[in-house]
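Keeping their order, the protein sequence lines are chains D and E.
In this text, residue positions in the first sequence follow my numbering: the first is 3, and each later residue adds one.
In this text, residue positions in the second sequence follow my numbering: the first is 2, and each later residue adds one.
For each residue, glycine too, the CB sits at the ideal point set by N, CA and C.
Note that the structure is predicted; figures quoted are calculated from it, not measured.
Remarks on the structure that follows.
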Amino acid sequence: MSGIIEVRNLSFGYTSKSAVLKDIGFAVPSRTFLGIVGPNGAGKSTLLNLMSGALKPRSGTITIDAASIESYSAQELAARVAVVRQESVPIFGFSVMETVLMARTPYFGAAGFESQADRDIVKDALELTDTTAFASRPLTSLSSGERQRVFIARALAQNSPILLLDEPTSFLDLKHQVGIYDLLKAAQLEKGKTIVAVTHDINLACQYCDEALLLGTDNSYRHGPANEVLTAEQIKEVFDVRIFAGRVGQERFFMPLGKRAKDNAQTNAKTGKI
Amino acid sequence: MRTEAMDQLLRPKKLIVTTGLALGVLVIVMVACSLVGSEEISLRTAFSRSDAASNPDHEILVRVRLPRIILACLVGAALACSGAVFQALLRNPLADPYILGISSGAGLGAMIAVVGGLNWTLWGRSPIAVFAFAGALGTVWLVWFIGRLTGKFHVTGLLLAGVVVNAFFSAVIMFLTSIAKSEQVYSTIFWLMGNMAEEDFLVLWVGAGCVIGGIAALFFISPQLNALSFGAEDARSMGVNIARTRTIAFAIAAGITAIAVSLSGLIGFVGLVVPHAVRLVFGPDHRLMVPLSGIVGAIFLVVADTLARTIIAPAQLPVGVVTAIVGGPVFLVLLVKHSRKIGWLK
Numbered sequence: 003m004s005g006i007i008e009v010r011n012l013s014f015g016y017t018s019k020s021a022v023l024k025d026i027g028f029a030v031p032s033r034t035f036l037g038i039v040g041p042n043g044a045g046k047s048t049l050l051n052l053m054s055g056a057l058k059p060r061s062g063t064i065t066i067d068a069a070s071i072e073s074y075s076a077q078e079l080a081a082r083v084a085v086v087r088q089e090s091v092p093i094f095g096f097s098v099m100e101t102v103l104m105a106r107t108p109y110f111g112a113a114g115f116e117s118q119a120d121r122d123i124v125k126d127a128l129e130l131t132d133t134t135a136f137a138s139r140p141l142t143s144l145s146s147g148e149r150q151r152v153f154i155a156r157a158l159a160q161n162s163p164i165l166l167l168d169e170p171t172s173f174l175d176l177k178h179q180v181g182i183y184d185l186l187k188a189a190q191l192e193k194g195k196t197i198v199a200v201t202h203d204i205n206l207a208c209q210y211c212d213e214a215l216l217l218g219t220d221n222s223y224r225h226g227p228a229n230e231v232l233t234a235e236q237i238k239e240v241f242d243v244r245i246f247a248g249r250v251g252q253e254r255f256f257m258p259l260g261k262r263a264k265d266n267a268q269t270n271a272k273t274g275k276i
Numbered sequence: 002m003r004t005e006a007m008d009q010l011l012r013p014k015k016l017i018v019t020t021g022l023a024l025g026v027l028v029i030v031m032v033a034c035s036l037v038g039s040e041e042i043s044l045r046t047a048f049s050r051s052d053a054a055s056n057p058d059h060e061i062l063v064r065v066r067l068p069r070i071i072l073a074c075l076v077g078a079a080l081a082c083s084g085a086v087f088q089a090l091l092r093n094p095l096a097d098p099y100i101l102g103i104s105s106g107a108g109l110g111a112m113i114a115v116v117g118g119l120n121w122t123l124w125g126r127s128p129i130a131v132f133a134f135a136g137a138l139g140t141v142w143l144v145w146f147i148g149r150l151t152g153k154f155h156v157t158g159l160l161l162a163g164v165v166v167n168a169f170f171s172a173v174i175m176f177l178t179s180i181a182k183s184e185q186v187y188s189t190i191f192w193l194m195g196n197m198a199e200e201d202f203l204v205l206w207v208g209a210g211c212v213i214g215g216i217a218a219l220f221f222i223s224p225q226l227n228a229l230s231f232g233a234e235d236a237r238s239m240g241v242n243i244a245r246t247r248t249i250a251f252a253i254a255a256g257i258t259a260i261a262v263s264l265s266g267l268i269g270f271v272g273l274v275v276p277h278a279v280r281l282v283f284g285p286d287h288r289l290m291v292p293l294s295g296i297v298g299a300i301f302l303v304v305a306d307t308l309a310r311t312i313i314a315p316a317q318l319p320v321g322v323v324t325a326i327v328g329g330p331v332f333l334v335l336l337v338k339h340s341r342k343i344g345w346l347k
């Protein structure tokens, strides 16, 4: 087991009696895209918060670059791991450019100003996320999709090898969902980033992730290549819902079927091809 | 390649020019206000080479008006700057220097000094000032301590602790008021309303040193304050040492507020309105906000105090009355004009 991120025997609970995560272990190889999938309450965001150092494990270890995450200072960790949280609400009306530049805060000079190198990094991040066009606008005037791109730009501007994202597409429409994942994939393939994204969207995870971690509410977990972990049987079991599984070209997709869904009777939850 | 957005970023040159211009305005305001008052004086007479002892203009300017104007400057600067910092730290637009209980702590200290009938001095300071200073710092420490107990750096816990401590101390103040003699109550109420008086130059220089030093230190953590306004978790993952930044910012903001309060009582509105006004006009970047809030706060309080001592001359109003009456409408105009610039109105 070796990877840029290694999680060993990790357990965590918010109260002393309950455990959200129990004895989890996996490794994320450098330059791969890991999707963390699972039902509500399975501990996906908790795991991400542990991996970003925001929470401390009850037991077990998380190492980044072969050193324990707790051995890093905030600045050292930020140089390795950047985090995009769900809808960070800005309290003051900072512009897009100012927001992205804040990723460089630890590198500002003594007088509190950025260097030309910082500006170049910010420019690249804006270009990669396609946000240059509205860089001078205040964050508050953007749509959710645009704002999410800005926060990804800010994470990229940290120039860290690892990018952690908590449900990056949860408020976005179809076009913007795909747009965000295309952008993440480009960051992985062109910039060599290691990407870990928590998501509810199994279909997007199937299309874009190399590896998947499927967390269950019963502290179970399955980890491996995305196409082996995200199968109809496993998803059905973990999510406790009937699933219609299909395939379009290379891409597999899964559709949940509720008891009262219109088409439930006809399909009878068979799996098949379209 | 340069872009429009790049050009809008704060440059050191823009910071220096804007701050310099604001300081220029402050000096002009100070000079103008020193010439206004119940006695007509002129600068030329005051600094003419005639014998200083027989020059009443010089006496009034240097012994009476200038000390008071300098006092207004440093109190205004301290309150406005600390308001700006508390708004960023607590991520709350309603935050002001008094939000974590400084006002009630200082008020209680002053009340104890008055009711206790103390009449000694410490380095030329009255018991009221000494007790108010101690009460202010003690209360902030208490609120900080309780806030830590509710969870590590939970802003809500800190705010609630501030509200509860404020309410409790206010109740104690009311209790002391009800058992105190009426002339004691009068002098406390006067102090609570916020009041300027002529101070020794020594006190002024020490106070000014602390306030200017504090504002300078706050400037050096202002990039971290920018990051913190996105929330502690975001700031931490951007590499900001939040525990250190918060401790420094809280300590300095509380310290300069305590100095201001012990010098002039509870002057309201400056710490709330001035940071908002500065942010509305110059944007939210704390590298500009911190020094400008200080300077604009100074200008605002010098003007307010000049009004306080001239409107009903030879009598004087408490300056706290003027800050609220003048500051309220000014702020409303700014708010309506620039409301699009600030995020939380959405």
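Check: Just the chain D side, please: which residues come within less than 9 Å of E:Glu1 by C-beta, in chain order?; Outcome: The requested residue 1 of chain E is not part of the displayed model; chain E covers only 2 to 347.
Check: Alpha carbon to alpha carbon, what distance is there between D:Leu144 and E:Ala198?; Outcome: 50 Å
Check: Buried or exposed for E:Asn196, going by 16 or more other Cβ atoms inside 10 Å?; Outcome: buried
Check: Give the DSSP-derived three-state secondary structure of E:Ser265 in the structure shown.; Outcome: helix
Check: Comparing alpha-carbon positions, which option in E:Leu22, E:Arg12, E:Pro68 lies nearest E:Glu200?; Outcome: E:Pro68
Check: For the alpha helix (DSSP H) containing E:Leu90, name the first residue and the last one.; Outcome: 67-91
Check: Leaving out five residues before and five after D:Leu174 in sequence, what residues of the same chain have Cβ atoms less than 7 Å from its Cβ?; Outcome: Ser146, Gly147, Gln150, Ile182
Check: Look at the alpha carbon of D:Ile276 and the alpha carbon of D:Leu130, and state the distance between them as a whole number of angstroms.; Outcome: The predicted model places D:Ile276 with a pLDDT of 43, which falls under 50 and marks its position as unreliable; any figure quoted below should be read in that light. C-alpha separation (whole angstroms): 35 Å.
Check: Ignore the nearest five residues each way along the sequence and tell me which others in E:Met2's own chain have a CB closer than 7 Å to its CB.; Outcome: Per-residue confidence for E:Met2 stands at a pLDDT of 47, beneath the threshold of 50, marking its modelled position as unreliable; the derived number appears in the next sentence. Here the set comprises nothing.
Check: At the 9 Å Cβ level, is E:Asn196 part of the contact set with chain D, yes or no?; Outcome: no
Check: Counting along the chain, where does the alpha helix (DSSP H) carrying D:Ile123 start and finish?; Outcome: 118-130
Check: List the residues of chain E that D:Gly114 touches, going by C-beta distances under 8 Å, in chain order.; Outcome: Phe220, Phe221, Ser223, Pro224, Arg288
Check: Does the beta carbon of D:Pro108 sit closer than 9 Å to a beta carbon anywhere in chain E?; Outcome: yes
Check: What three-state label does DSSP hand E:Asn167 in the structure shown?; Outcome: helix
Check: How would you list, in chain order, the residues of chain D whose beta-carbon sits under 8 Å from the beta-carbon of E:Arg247?; Outcome: Per Cβ cutoff of 8 Å: no residues; E:Arg247 is ~12 Å from chain D at best.
Check: Say whether chain E places a C-beta atom closer than 9 Å to the C-beta of D:Thr48.; Outcome: no
Check: Have a look at D:Asp168 and D:Val200 and give me their C-alpha separation to the nearest angstrom.; Outcome: 5 Å
Check: Roughly how many whole angstroms lie between the Cα atoms of E:Ser230 and E:Arg310?; Outcome: 39 Å
Check: Roughly how far, in whole angstroms, is the beta-carbon of D:Pro170 from the beta-carbon of D:Arg82, given that I think they are within contact range, below 8 Å?; Outcome: Going by Cβ atoms, the distance from D:Pro170 to D:Arg82 rounds to 19 Å, so no, they are not a contact pair.
Check: Which value, in whole angstroms, describes the spacing of the CA atoms of E:Ser265 and E:Arg149?; Outcome: 30 Å
Check: Counting along the chain, where does the beta strand (DSSP E) carrying D:Leu232 start and finish?; Outcome: Neither: D:Leu232 is in no beta strand (DSSP E) and is coded neither H nor E.
Check: Is there a C-beta anywhere in chain D that falls below 9 Å from the one on E:Val18?; Outcome: no
Check: Compare the beta carbon distance of D:Ser18 and D:Gly62 with 9 Å and say whether it is the shorter of the two.; Outcome: no
Check: At what residues does the beta strand (DSSP E) containing D:Gly226 begin and finish?; Outcome: 223-227
Check: Look at the alpha carbon of D:Cys208 and the alpha carbon of D:Pro140, and state the distance between them as a whole number of angstroms.; Outcome: 35 Å
Check: From the DSSP output, read off the bridge partner residues of D:Leu216.; Outcome: D:Val39, D:Arg224
Check: Could one say the Cβ of E:Pro292 lies closer than 9 Å to chain D's Cβ atoms, at least one of them?; Outcome: no
Check: Under DSSP, the alpha helix (DSSP H) around D:Ala44 begins and ends at which residues?; Outcome: Unbroken run through D:Ala44: none, as it is neither H nor E.
Check: On the DSSP bridge assignment, give the partners of D:Pro258 in chain order.; Outcome: D:Ile245
Check: May I have the straight-line CA-CA distance separating D:Arg224 from D:Glu235, to the nearest angstrom?; Outcome: 12 Å
Check: Can you tell me which of D:Ser117, D:Leu50, D:Met104 puts its alpha carbon nearest to the alpha carbon of E:Pro13?; Outcome: D:Ser117
Check: Terminal residues of the continuous beta strand (DSSP E) containing D:Ile26?; Outcome: 23-30
Check: D:Asn11 lies in the alpha helix (DSSP H); which residues open and close that run?; Outcome: Segment 7-14 is the beta strand (DSSP E) holding D:Asn11; no alpha helix (DSSP H) there.
Check: Between E:Asp97 and the rest of its own chain, which residues show a CB-CB distance below 7 Å, the 5 nearest in sequence each way excluded?; Outcome: Gly84, Phe87, Gly272, Leu273
Check: If we require 3 or more residues per run, which beta strand (DSSP E) segments fall completely within the region 222-265 of chain E?; Outcome: none
Check: Which residues does DSSP list as the beta-bridge partners of D:Ser97?; Outcome: D:Pro140
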